[in-house]
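Structure record follows, encoded as structure tokens.
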Amino acid sequence: MSNFWRKSQRSVAKARAEGPAAYIFPADERRPGQQATLLSLFQQHGFEIQRADDDFEVEETEYGAGSYIVRMDQPFSRGADMLLDKQYYNPNDPSPYDDVGWTQGALYDVETVRVEDVAILDVPMTLQQDRIEAPGGVAGERSPRAYVINYNADNGLTSFAFAYPQIPIEAAEQGFTAEDRDFNAGSFIIRVDGASGRVGIGAAEAGVLRSTLDQAGRQYGFTAYGVDSAPEVSTHRLERPRVAVMHTWTTTQTEGWLRVGMDQYGIPFEYISVHDVRDDPNLLDTYDVILFGPSSANALSIIQGLQGDEPVPWRASELTPNIGRQASTDDMRGGLGLEGVLNLKTFVESGGVFVTLSSSSSLPTHFGLTRGVSIRSTPDLWARGGVFRATISDEESPIVYGYGDDLGVYFNTAPVFRTGGGGYGGFGGSGQGGQDDSGSTTARRTGRGGTDDSDVVQGRRGDLGVAGVEAFRAEEEEDEEEEDSEAGSPDRIRTVMRYASDVEDLLISGGMRNGEVLAGSPALLDVTLGDGHIVMFSFNPFWRSETLGSYGLVFNTIMHYRNLSAGGEPPLTDDE
């Protein structure tokens, strides 16, 4: 008890001793739903959350009333600091066991401001006793012709769309202004009377719709604005497709986080194995979207699966009553097989959408389903699990509806995509485009902060021990690899996101060496195959329930699966 009291006492002293003084969550947050989700999670951890009573200024920046503040003079301050601060891991240190970066603000795509000035502690603020929730409800015209909901990729909006399939929702393909408010591309439009031949809610049901939207807005954290005329903007119908999550029998742990996220936000799906895909040549009769979570970077291992002379069952038994609840089989041996690859190819060509997350992207690249895309061999890249900056390179793609210019994503070593550098095959180029150790490491020791920050030893003043710390500065080098002139048509490949092109901006939290090969490379690709799409993620958007900021990329792919080509040039036909 004495030790616990002393630790709490030191934690309370943290704000004025080693710092920081606090973290601010600004009131004008672009994604209030994500902000509320993170702050309510902090409340569950016992962190005290305050809210500013009035506008205030600190460190020459003004913040609005209602901004949330996580003070560092509280008993659990060091836990909050550990989750909100950046981390840095020196690649020269002993190999880490696990992830080396986990900054929650970046992974939730929520703005957080680290404040050193202790003046923040004197700002009038109120402790939040109740669970923090995003505001929501209905506003605007009482008898509107339509309701508009700003789409900001808050995960709650996807939950709403799936929870109310009876409400016809259209998605705007461009941003627009209505009632003096700006709305993003992807914003929901719900027509009250089906004007202009559109599907809408009948006038007799308008009252029910308003009360439904008011209740749903409060539950899912959005505001539905009534407007006297529907916005004049190109739209397409929002879909609730038939979704499958495909798993192998060799590894399901990492892929399990995808299922957790889907369950958490109420997206129904069927859990199928690679054997189901192997044995079903008519996948499109049952599914519209197939998600393949992280599995293996070796495409042949996905094809071959488990081996052995005797059947390997996975079923509940008297000895193991709790296994096989999600999926079961009399024999786990065998994998997707070449038959499964052909079935997936037919599925996509006929209009289906196949989504691969991180390592599973080896499958479509290796077997030529994504002509013109390959995976580079990057033996010199050191990028253990951490937070890296990805930028939006095709802002008109429905996959990035609701997002800003960039996003913190979880990346761990591979894969690194390459486009235009090899027609078929899984591994194109040497990927050696980095530097040797002499030009890409740092004398900075592992600790808090980014590559150009100083560490702060807990319990000591923040201005001690700074001398001698060197910032990470990797010299950019041109990639001398030759491009293959026989690459697939660029009109079939849509680079939706790229990693930050400046290597100095690439790492947000964690560690990196020879990052030049990753900088500027595709992070998220949408490849057209026949009438369908293969969407490939280099990073893992669903990881340990920490990457909620990137969930929306997969959710957008699902909801807009019929219209992923919106905003892009029509793909060429085989004859062209």
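Under this note's numbering, the first residue of the sequence shown is numbered 171, with each subsequent residue one higher. Ideal placement from N, C-alpha and C gives every residue a C-beta, glycine not left out.
Can you grab the Cα-Cα spacing for the pair residue i / residue j, in whole Å?
i    : j    : result
S178 : R186 : 14 angstroms
L508 : N468 : 14 angstroms
S487 : S498 : 11 angstroms
V724 : T424 : 16 angstroms
G542 : G326 : 36 angstroms
G555 : G680 : 7 angstroms
D649 : G702 : Since pLDDT at D649 reaches only 39, below the 50 mark, its modelled position is unreliable, and the value read off the structure follows with that caveat. If you take the alpha carbons of D649 and G702, they lie about 33 angstroms apart.
A183 : N173 : 15 angstroms
M729 : N710 : 19 angstroms
A191 : M295 : 14 angstroms
A206 : A304 : 5 angstroms
S671 : R618 : 24 angstroms
H536 : E199 : 42 angstroms
R221 : Y238 : 4 angstroms
T717 : G629 : 31 angstroms
P752 : I442 : As shown, the chain starts at 171 and ends at 746. That puts residue 752 outside it, with no answer to give.
A250 : V240 : 8 angstroms
V557 : P314 : 44 angstroms
S399 : I337 : 18 angstroms
M432 : V627 : 40 angstroms
R448 : F439 : 19 angstroms
G387 : Q213 : 22 angstroms
Y321 : S357 : 4 angstroms
Y731 : P266 : 39 angstroms
T420 : F332 : 31 angstroms
T282 : G719 : 13 angstroms
L428 : D550 : 29 angstroms
G700 : D223 : 57 angstroms
A657 : R664 : Any reading at A657 must be qualified, since the residue scores a pLDDT of 41, below 50, and its modelled position is unreliable; the value itself is stated next. Going from the Cα of A657 to the Cα of R664 covers about 14 angstroms.
State buried or exposed for residue i, treating a residue as buried only when at least 16 other CB atoms are found within 10 Å of its CB.
i    : result
F712 : buried
R747 : In this structure the chain extends from 171 to 746, so residue 747 is not present and cannot be described.
H215 : exposed
D350 : exposed
M171 : exposed
A736 : buried
E188 : buried
N684 : buried
D446 : buried
L512 : exposed
E402 : exposed
Q477 : exposed
W272 : buried
N492 : exposed
T548 : buried
E686 : buried
Using alpha carbons as the reference points, say which of the options lies closest to residue i.
i    : options                   : result
Y457 : F392, G521 and L734       : G521
D575 : L208, S313 and E566       : E566
D269 : W552, Y238, H730 and R662 : W552
P335 : G436, R388 and R559       : G436
L514 : N684, L577, A414 and F212 : A414
G391 : E229, G307 and G463       : G307
L676 : L688, T665 and V666       : L688
A341 : A355, V673, S210 and V378 : A355
I360 : M502, A394 and D223       : A394
T583 : G572, Q385 and I545       : I545
L209 : R301, E286 and A235       : R301
P585 : S532, Y573, A309 and G572 : S532
Y259 : Y669, M667, S563 and D625 : D625
P245 : W175, P202 and A309       : W175
For residue i, which beta-bridge partners are listed by DSSP?
i    : result
F581 : G556
Q257 : R618
H406 : A341
T347 : D352
Y238 : F195 and R221
R186 : BP columns for R186 are empty, so no partner.
F587 : I545
A309 : Y395
Just checking my contact of residue i with residue j at CB under 8 angstroms: how many whole Å lie between their CB atoms?
i    : j    : result
V525 : V459 : 7 angstroms
G475 : G426 : Wrong, their Cβ atoms sit about 18 angstroms apart, outside the cutoff.
P534 : M706 : 7 angstroms
L453 : F517 : 4 angstroms
I339 : L408 : 4 angstroms
S529 : S466 : 6 angstroms
L277 : G722 : Actually they are not in contact, since the Cβ atoms of L277 and G722 sit about 13 angstroms apart, beyond 8 angstroms.
V378 : E311 : Incorrect: roughly 17 angstroms between the Cβ atoms, too far for contact.
S708 : R588 : In fact, because the Cβ distance is near 11 angstroms, the residues do not count as touching under 8 angstroms.
T540 : I704 : 6 angstroms
Any heavy atom of the ligand ADP closer than 7 angstroms to the CB of residue i?
i    : result
F462 : Among the components modelled here there is no ligand, and therefore nothing to report on the ligand ADP.
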